[in-house]
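Structure first, commentary second.
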Amino acid sequence: MAGPAVAAGPADVAGGQPRAVALFVPCFVDQLYPGAAIAALQVLERLGCRVTVPAGAACCGQPPANAGFEREGARALRTFVEAFSGGERIVVLSGSCAGHVREHAPALGEAGAAVGQAAVEFCAFLYDELGVAAVAGLGATFPFRIGVHIGCHTLRRLGLARASELQLPAFDKVRALLGTVAGLSFAEAARPDECCGFGGSFAVTEPAVSAKLGRDRLRAYRAAGAQAIVSTDLSCLLHLDGVARRAGAPLPMLHVAQVLAGDAVAAGLRVDGRAVAPPATSP
Amino acid sequence: MSAREEILRAVRAARPAATPHPDVRAFARELPDAADDLAARFSAAASAAGARILEGRRSDVARLIAGAYPEARVVVSAVAGLAGTAPLGDVPRTLAGIDLFVCEARFGVAENGAVWIPASGAGARAALFLAPHEVVVLEREAMAANLHEACARLDLAGESFGAFVAGPSKTADIEQALVIGAHGPKTLTLILVDG
Amino acid sequence: MSRSLPTVGPGASAVPVDHAAAAARFTADEARTDWHDGALWHVRRNRDRAAAAVPEWEALRELASAIKEHTLARLDEYLVEFEANALAHGVRVHWARDAAEHNAIVAGILEAAGARRLVKSKSMLTEECGLNPYLEARGVEVVDTDLGERIVQLRQEPPSHIVMPAIHLKKEEIGTLFHERLGTPAGLSDPTALTAAARADLRARFLAADAALTGVNFAVAETGGVVVCTNEGNADLGTALASVHIASLGIEKVVPTLDDLGVFLRLLARSGTGQPLTVYTSHVQAPRAGQALHFVLVDNGRSRQLARAGFWRSLKCIRCGACLNTCPVFRRSGGHSYGASLAGPIGSVLTPGFDLERYATLPFASTLCGSCTAVCPVKVDLDAQLYRWRQQVTAAGLAGRKKTLLARVAGGVLGRPRLFALAGALARALLRRLPRPLLRAGAGPWGAARELPRAPAQSFRSWYRDRQRRQGRTS
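Protein chains in written order, with our numbering: chain A, 2 to 284; chain V, 38 to 232; chain Y, 20 to 494.
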């Protein structure tokens, strides 16, 4: 069952000059999901980007800021601004981090404003600037039914898809990208975009409701026949995976980049006991 | 300083920067014209709100009412030229014993099936809400397409009260189960008349 | 007969609200939580369907937001205009600085009229002011006439939702209540029959009442009249019969003109219940013959909220309840867990302004998902205000010592990449080596219902450095 018609983004990168981008791997992704970051790096390089990974910043400062400690988070954000002031596009491997930088970096001055403008979430960058046609050229395969989970900030603040509350024409950049993957189909959860319950510090300040939301989300994906969950936000997956494994019912969970990179193949991922088939053309 | 002065002073000091007053009439003018029959759209919306719709000529009204409410004995009418079986009365409490109240609305609103009944049309405000059953007469042609048009033609001059009424009273306060007939009338019958 | 303590104003409790603890108690009954959640999601879905039937819905929201912001920026002028027009119609207009003054004014009006039996239609403002217990202590019998409000009044508890006060109760519980208090047959739980019983009981009270008090949905400056929206007709039944009608309204309820009113009427019921319009939208302009009509304009912290740069837009609220219905946290914790007359997202941005210490946990009762902001008919930036209140709470030193210390440490570590890399490596090593029971014990609230993440052997940065070295490059 396909999502909305795959619309082509802007023309893909013209042959010749590689596009220079700086990749920001958020703190927890760096430590807990290096595979997703590696996949993102590989996808960007295969799509013709010259990627740098500035070492000078570990975190955008969102965790303490959302917990009410903006000042404490500002230190990390300032370090981020300094490390990423090279002028290129800053591709951020997390929607909530990208949103935080875009919204709060400008308050730190001119350099902050430039960085805020330059920061873009990974899928948004692929769709808006590299184009779906280019992404299709990756030739990825993932012959399974997936639940697409767009993190709330990625959805409602960055506008990666039309939120279900809004009376606007439907669009979904994430599904458009995933629609290029051979064999992949979408499981339609009953409540299309309800929160998974992570919410940063909410996960530990209100663990009962947080876990309940996680359980409900997993139930919705399973009821829709999802064999795996693919998300724009690893923070959501951190939470959903924790809930699923505690319930004794784990579900494979990947970042969009991992699906596009054919990472499922390389990692020997088994979904429902079947190994994912290698892509038609090797990376 | 009086409370009034103190409050107004506090508000004045707290006001955010001024922004223009949007032009609602211009917005309403730009809405696409619905090509369909307003009365038909009105009827659909009113039915969805639980009202019963009858149609006929003005001269048919008494007969239509008798047909719809054969058991009504105490009928009070606020419609000129339509006699009830009991007078309107001055004291609201005498209305407690009525079976049916009949009045006329000034116009209907197609977008939501509501009718506008000012106090002068209701005779006694209490009648509108105390009667267990209600009939409202409305001219087919007296239709506003939406609430923008309705509010633009609202005439409250000299009226102590007026209400948009969309269907019989209802509640869903017990487990979201819809119950028709809460405190106001249990049924509402709209009679659309020609001229 | 008096309900539990008011949330703000005189007599309000000083104990800080612990939303997380209350929510944990609520979710402990998972089946009931699912039922409550499902009931409210159903209303959210009804709202979506109603909004989808209005092609210009998003433009209407923008218009409504602009009207409210314009009005609030000239609120004093519109209040003066409203008052002048109301006075010209023979209405008595009163002003109350706070809840205490409001209650005293209402009591004074009733006393002067010799009124001892009051029927009341829905008014969140009077909940906020704690009016019922105040009047009851002075010998006035107060009967709430909205069915949901009557139910919670009989149970002596506060409403749990702005629009659906008894949404937290099952019909069997209401049946038991009515059997005890209204004499309905034991075991009767059919909503139609129960409603009929309430109708009969309340009808007698309407007829016996000396005075009626209503809330107000909108006050129209250009006409000097107030607008009251109900489905039951209870507000109108009260005001049509009683010789004294008191309408209490917060000062933010003013809208400039009837044209403006039309915009809000198109949005209100669709947002709150999914209906195109409430059954009754009544304009009260002047007293009936032989009736005294009073409007009580209440500030009670609204002018203070207006002065708060990051929060004044919360005063645009038209009390539709849509944000409560869509909030995933509200649906799974219930209105009572907020300990305030207004719950959910709007309660969490309006209430902390009254007493930051008491309501410090409310801005944190949220994942900041933003669904509330997306449904709000007047585009209150709810999620942004929740974030801002969090900063206020910590700035006031109310975050708790442990949390503050943790945040300071985290802030220090997260701002130093090398230190972070070290801490991360250490944490991963522990995750990989420590036995599971020990980890779970040490994982605190995370580990209560979730497994800890699996820890990879190497961080991304470490992998990337290796790759750079292999390819003969420096960082």
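Built from N, CA and C at the ideal position, the CB exists for glycine as well.
As the structure is a computational prediction, the values presented were derived from the model and not from experiment.
What are the residues that DSSP puts in a beta bridge with residue i?
i, result
"V:P155", "V:G199"
"V:G145", "V:V152 and V:M180"
"A:F81", "Answer is none; A:F81 lacks a bridge partner."
"A:I147", "A:F187 and A:A229"
"A:E122", "A:V93"
"A:T142", "A:A183"
"Y:E160", "Y:R136"
"V:H170", "V:L137 and V:T224"
What are the boundary residues of the alpha helix (DSSP H) that residue i is part of?
i, result
"A:Y222", "P208 to A224"
"Y:C342", "A341 to T345"
"Y:W76", "W76 to A92"
Give me the chain A residues within the contact set of residue i, using Cβ-Cβ distance strictly less than 7 angstroms, ordered along the chain.
i, result
"Y:E470", "G243, R246 and R247"
"Y:Q410", "G69 and E71"
Mind pulling the chain Y residues with CB within less than 8 angstroms of residue i?
i, result
"V:T56", "A85, E88, H89 and A92"
"A:C153", "T386, L387, C388, G389 and S390"
"A:F199", "T386"
"A:H240", "R469"
"A:L219", "Result: empty, since nearest Cβ-Cβ is about 12 angstroms, beyond 8 angstroms."
Run through chain A and tell me which residues come within less than 8 angstroms of residue i, C-beta to C-beta.
i, result
"Y:W60", "R192"
By the DSSP assignment, the beta strand (DSSP E) with residue i in it spans what residues?
i, result
"Y:T233", "A230 to T233"
"Y:Y299", "Y299 to V303"
"A:H256", "M254 to H256"
"Y:T52", "Where Y:T52 is concerned, there is no enclosing beta strand (DSSP E), although the alpha helix (DSSP H) it sits in stretches over E49 to A71."
"Y:W331", "Note, Y:W331: premise wrong, no beta strand (DSSP E); not H, not E."
"Y:V239", "F237 to V239"
So, does the CB of residue i fall closer than 7 angstroms to a CB anywhere in chain V?
i, result
"Y:H38", "no"
"Y:W76", "no"
"Y:R64", "no"
"Y:V428", "no"
Would you say residue i faces chain Y, with C-beta separation under 7 angstroms as the test?
i, result
"V:A63", "no"
"A:Q43", "no"
"V:V216", "yes"
"A:L159", "no"
"V:A51", "yes"
"A:T142", "no"
"V:R78", "no"
"V:V128", "Any reading at V:V128 must be qualified, since the residue scores a pLDDT of 49, below 50, and its modelled position is unreliable; the value itself is stated next. By this cut-off, V:V128 is not an interface position."
"A:L261", "no"
"A:Q168", "yes"
"V:T208", "yes"
"V:V48", "yes"
Using a cut-off of 9 angstroms between C-beta atoms, extract the partners of residue i located in chain A.
i, result
"Y:L433", "C28, A59, C60, C61, G62, P64, P65, E73, G74, R76, A77 and T80"
What does residue i touch in chain Y if you count any residue whose Cβ is under 9 angstroms from its own?
i, result
"A:K174", "Correct list: empty, because the minimum Cβ distance to chain Y is about 18 angstroms."
"A:A349", "There is simply no residue 349 of chain A to check, as chain A begins at 2 and stops at 284 in what is shown."
"A:C237", "Neighbours of A:C237 on chain Y: none; closest Cβ ~10 angstroms, over 9 angstroms."
Quick check: is the beta carbon of residue i nearer than 7 angstroms to any beta carbon in chain D?
i, result
"V:R143", "In the structure shown, chain D cannot be found, because the protein chains are A, V and Y."
List, in chain order, every chain V residue whose beta-carbon is nearer than 8 angstroms to that of residue i.
i, result
"Y:D220", "Simply none; closest approach about 11 angstroms."
"Y:R116", "A40, E43 and I44"
By the criterion of Cβ-Cβ separation under 7 angstroms, what are the contact partners of residue i in chain Y?
i, result
"A:D234", "The premise fails here: A:D234 is roughly 12 angstroms from chain Y at the closest Cβ pair, so nothing lies under 7 angstroms."
"V:K204", "In the sequence as displayed, the identity of residue 204 of chain V is Gly instead of Lys. The contacting residues are V298."
"A:I91", "Chain Y residues near A:I91: none, gap ~16 angstroms exceeds 7 angstroms."
"V:H170", "In chain order: nothing, as chain Y lies at least about 13 angstroms away."
"A:S95", "Residues of chain Y passing the Cβ test: none, with the nearest at roughly 13 angstroms."
Establish whether the CB of residue i and some CB of chain A are separated by less than 7 angstroms.
i, result
"Y:Q404", "no"
"Y:Y97", "no"
"Y:G234", "no"
"Y:P275", "no"
"Y:R480", "yes"
Can you list the residues of chain V that residue i reaches, using a CB-CB cut of under 9 angstroms?
i, result
"Y:H302", "P155, L191, L193, E196, F198, G199, A200 and F201"
- Item | Inter-stretch contact at 8 angstroms, needing at least 3 Cβ pairs: the segment 421-435 of chain Y / the segment 61-80 of chain A | The segment 421-435 of chain Y is in contact with the segment 61-80 of chain A.
- Count the CB pairs spanning the segment 108-120 of chain A and the segment 460-476 of chain Y that are closer than 8 angstroms, and state whether there are at least three. The segment 108-120 of chain A is not in contact with the segment 460-476 of chain Y.
- Please confirm if the segment 233-246 of chain A is in contact with the segment 369-383 of chain Y, defined as three or more CB-CB distances below 8 angstroms between the two stretches. When C-beta atoms of the segment 233-246 of chain A are compared with those of the segment 369-383 of chain Y, fewer than three pairs fall below 8 angstroms, so the two segments do not count as touching.
- Message: Taking contact to mean 3 or more Cβ pairs, one atom from each stretch, closer than 8 angstroms, check whether the segment 179-186 of chain V and the segment 137-144 of chain V are in contact.
- Response: By the Cβ rule, the segment 179-186 of chain V counts as touching the segment 137-144 of chain V, because three or more pairs are nearer than 8 angstroms.
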